[in-house]
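**Student:** Before I ask anything, here is the structure I am working with.
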Amino acid sequence: MYAKRKISVAAAALLAAGTLGAAANEKVTFGTNWLAEPEHGGYYQAVADGTYAACGLDVTIMQGGPQVSGRPMLLAGKIDFYMGGNLLSAFDAVQQGIPMRVVAADFQKDPQVIMSHPGEGLDKWEDLKNADQYILGDEGVQTFFQWMVTALGFDAAKRAPYTYNTAPFLANKKSIQQGYVTSEPFAVKKEGGFVPNQFLLADYGWDTYSTTIEVMQDTIDKKPEVVQCFVDGSAKGWYKYLYGDNKAANDMIKKDNPDMSDEQIAFSIEQMKKFGLADSGDTEKLGIGAMTDARIKSFYDKMVKAKVTPEGIDITKAYTLAFVNKGVGLDLKK
């Protein structure tokens, strides 16, 4: 495990007239939900090139990992912003009466993918349910797999545990396995010598947002300019990371997570762009971070039907559109 490292850029030299109103050198901490990786690149970019500093924020990135519980730190006021995985945690917060809200969705698509071996009768999405074995982790079984079973007819009895080792998948050509489109296909290619079929769940109806920015309602009420600066800075950071010079951000990622190779970084960025994780659909007009009421309701309704989330939650308390959909950063796309 890696010790939590912190990254900070002083804002003073970079502040300019016309900031969004955040106090000079306003110190905030953003907690990610895993070890530093390209999937966090936009945030590292905004620190590295002074984008956050330009609107008055001195941002510290606290990387997550298997021994780091970031969301409880958000609830306790130990960090200011947290990177959510998908919308389910926000729905759960409402159910529990926790005043936490999603203020931006920096990934329009969840990176969750199902992989299969080419040429084994599992080359189409509709074929996947016929696999001999579904290799899935516990969290996936409790969430997206419930939707796959109830809505798409997958057989719950075929599930086998995923231990984050690709060997069982490589050994069984009639199996399918979950993964992140930015990670596991890279491991399969490296260890198995072939490119697996990749089915991004988001392209087949799993329409949650991902890589969300979560913040407590108290922060929204007391420091809306700080929230706006962080949301806008993150959007700009993502545009510059995906389409501009991202070397400084990648150097920071590798410093935080020494196991992250240049080869893995390049693969992840290519996949993020190829599959439109951050930039696709609504972002083309509304900008990275975009959210809509209709999209969130669609996902909630699916989760209720799959019995993942209870009926009757007031999901309007889970998020706010006040800080997004303003086209911020569209001019940076190259």
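Numbers 100 to 433, taken from the numbering used here, label the letters of the sequence shown in order.
Glycine included, C-beta positions come from ideal geometry on N, C-alpha and C.
Please read these numbers as outputs of a predicted model, since none were measured by experiment.
What does the Cβ neighbour count give for Lys401, buried or exposed, with the cut at 16 atoms within 10 Å?
**Tutor:** Burial call: buried.
**Student:** Which residue marks the beginning of the alpha helix (DSSP H) containing Ser367, and which one marks its end?
**Tutor:** Per DSSP, Ser367 belongs to the alpha helix (DSSP H) from 361-373.
**Student:** If distances are taken between C-alpha atoms only, which option among Pro210, Leu431, Asp191 comes closest to Glu383?
**Tutor:** Here the closest residue by C-alpha is Leu431.
**Student:** Going along the chain, which unbroken runs of the beta strand (DSSP E) with 3 or more residues stay wholly within the segment 235-305?
**Tutor:** You should have 258-260, 274-279, 296-299.
**Student:** Between the beta-carbon of Gln276 and the beta-carbon of Met214, is there less than 7 Å?
**Tutor:** Yes, the Cβ-Cβ distance between Gln276 and Met214 is below 7 Å.
**Student:** For Asn75, count the other beta carbons within 10 Å of its own beta carbon; 16 or more makes it buried, fewer makes it exposed. Which is it?
**Tutor:** Nothing about residue 75 can be reported from this structure: the residues present for the chain run from 100 to 433 only.
**Student:** When the Cα of Ser168 is compared with those of Glu290, Asp179, Val146, Asn132, which residue comes out closest?
**Tutor:** Of the candidates Glu290, Asp179, Val146, Asn132, the one whose C-alpha sits nearest the C-alpha of Ser168 is Asn132.
**Student:** Among the residues of its own chain, which have a CB less than 7 Å from the CB of Tyr338, if the five just before and after it don't count?
**Tutor:** Cβ within range, chain order: Ile387, Gly428, Leu431, Lys432.
**Student:** Go through its chain and collect everything with a Cβ distance to Gly252's Cβ below 7 Å, but skip five positions before and after it.
**Tutor:** These residues qualify, in order along the chain: Lys228.
**Student:** Run the CB neighbour count on Val294, radius 10 Å, all protein chains shown included, and call it buried at 16 or more, exposed below.
**Tutor:** The residue in question, Val294, is exposed, as its Cβ has fewer than 16 Cβ neighbours within 10 Å.
**Student:** Of all the options Glu225, Phe285, Tyr340, which has the alpha carbon lying nearest to the alpha carbon of Gly304?
**Tutor:** The residue with the shortest Cα to Cα distance from Gly304 is Glu225.
**Student:** Starting from the C-beta of Lys272, find all residues in its chain whose C-beta is less than 8 Å away, skip the five residues before and the five after it, and write them out in chain order.
**Tutor:** Cβ neighbours of Lys272 beyond the five flanking positions: His216, Glu219.
**Student:** Between Gln194, Val403, Gly375, which lies nearest to Asp205 when the distance is taken from Cα to Cα?
**Tutor:** Ranking the options by Cα distance to Asp205, first place goes to Gly375.
**Student:** Under DSSP, the alpha helix (DSSP H) around Glu136 begins and ends at which residues?
**Tutor:** Taken as a continuous stretch (DSSP letters only), Glu136 belongs to no alpha helix (DSSP H), as it is neither H nor E.
**Student:** For Lys208, which residues from the same chain have a beta carbon less than 6 Å from its beta carbon, with the 5 sequence-adjacent residues on both sides left out?
**Tutor:** Once the five neighbours on either side are set aside, the close Cβ partners of Lys208 are Ala301, Leu376.
**Student:** Leaving aside the five residues before and after Ala255 along the sequence, list all residues of the same chain whose C-beta is less than 8 Å from its C-beta, in chain order.
**Tutor:** Within the same chain, Ala255 has close Cβ partners Phe244, Val248.
**Student:** Would Phe180 and Thr307 be called neighbours here (beta carbons separated by less than 7 Å)?
**Tutor:** No, these two residues do not count as a Cβ contact at 7 Å.
**Student:** Which partner residues of Arg200 appear in the DSSP bridge assignment?
**Tutor:** In DSSP, Arg200 forms a bridge with Val314.
**Student:** Which residues bound the beta strand (DSSP E) around Gln211?
**Tutor:** Where Gln211 is concerned, the enclosing beta strand (DSSP E) stretches over 211-215.
**Student:** Return the first residue and the last residue of the beta strand (DSSP E) that Val158 is part of.
**Tutor:** First-last of the beta strand (DSSP E) with Val158: 156-161.
**Student:** State the CB to CB distance for the pair Val240 and Arg258, rounded to an integer number of angstroms; the pair is presumed to be in contact (CB under 8 Å).
**Tutor:** Indeed they touch by this definition, with Cβ atoms about 6 Å apart.
**Student:** Thinking just about the alpha-carbon of each residue, which of Phe422, Ala421, Val403 is nearest to the one in Asp413?
**Tutor:** Closest option to Asp413, Cα to Cα, is Val403.
**Student:** Under a three-way DSSP split, which group does Ser309 fall into?
**Tutor:** Looking at Ser309 - three-state DSSP - the assignment turns out to be strand.
**Student:** Exposed or buried, Glu138, counting other C-beta atoms within 10 Å across all chains shown (16 or more means buried)?
**Tutor:** Buried: at least 16 other Cβ atoms inside 10 Å.
**Student:** Please classify Tyr233 as buried or exposed, where buried requires at least 16 other C-beta atoms within 10 Å of its C-beta.
**Tutor:** So Tyr233 ends up on the buried side.
**Student:** Would the beta-carbon of Gly332 fall within 7 Å of that of Tyr151?
**Tutor:** Yes, the Cβ-Cβ distance between Gly332 and Tyr151 is below 7 Å.
**Student:** Going by the CB atoms, is the gap between Thr408 and Phe268 shorter than 7 Å?
**Tutor:** No, the pair does not count as a contact, with Cβ atoms beyond the cut-off.
**Student:** For Lys372, I'd like the list of residues in its chain whose CB is within less than 8 Å of its CB, leaving aside the five on either flank, ordered along the chain.
**Tutor:** So the list reads Leu341, Asp378, once near-sequence residues are dropped.
**Student:** Tell me which residue opens and which closes the beta strand (DSSP E) that Gly183 is part of.
**Tutor:** Note, Gly183: beta strand (DSSP E), 180-185.
**Student:** Ends of the alpha helix (DSSP H) at Pro171?
**Tutor:** Taken as a continuous stretch (DSSP letters only), the alpha helix (DSSP H) holding Pro171 covers 169-174.
**Student:** Using DSSP with H/G/I as helix, E/B as strand and the rest coil, what is Gln207?
**Tutor:** DSSP places Gln207 in coil when its eight states are reduced to three.
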